[in-house]
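To start, the structure under review is shown below, and the notes come after it.
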Amino acid sequence: MNPTLTRDEITVTCEDGMIQKVRLCLTKNLEPRRCGADVIRDCRLKKAVMEPVR
């Protein structure tokens, strides 16, 4: 958990009720930045499942 990240700096992609990807939007200097309008709300599900990380 990173308390300095805002929800506009993270984008989630989902399909069939499952979370597929979680991405951080970063500058070229690897600083968090606001995600572009084309990806900022990729997943619009109210509830989604994420499989355990292996």
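Numbers given in my numbering equal positions in the sequence shown, counted from 1, plus 1010. The beta carbon of each residue, even a glycine, is placed where N, CA and C say it ideally should be.
Which residues share a DSSP beta bridge with Val1059?
Met1028
Exposed unless 16 or more other CB atoms sit within 10 angstroms - verdict on Thr1021
buried
Val1063 to Arg1017 span [Cα, whole Å]:
Val1063 and Arg1017: Cα-Cα distance of roughly 22 angstroms.
Please decide whether Met1060 counts as near chain B, where near means a Cβ-Cβ distance under 8 angstroms.
The chain inventory of the structure shown lacks chain B, comprising one protein chain alone.
List the whole-angstrom C-beta distance separating Cys1024 from Ala1058, where the pair is believed to meet the contact cut-off of C-beta under 8 angstroms.
5 angstroms
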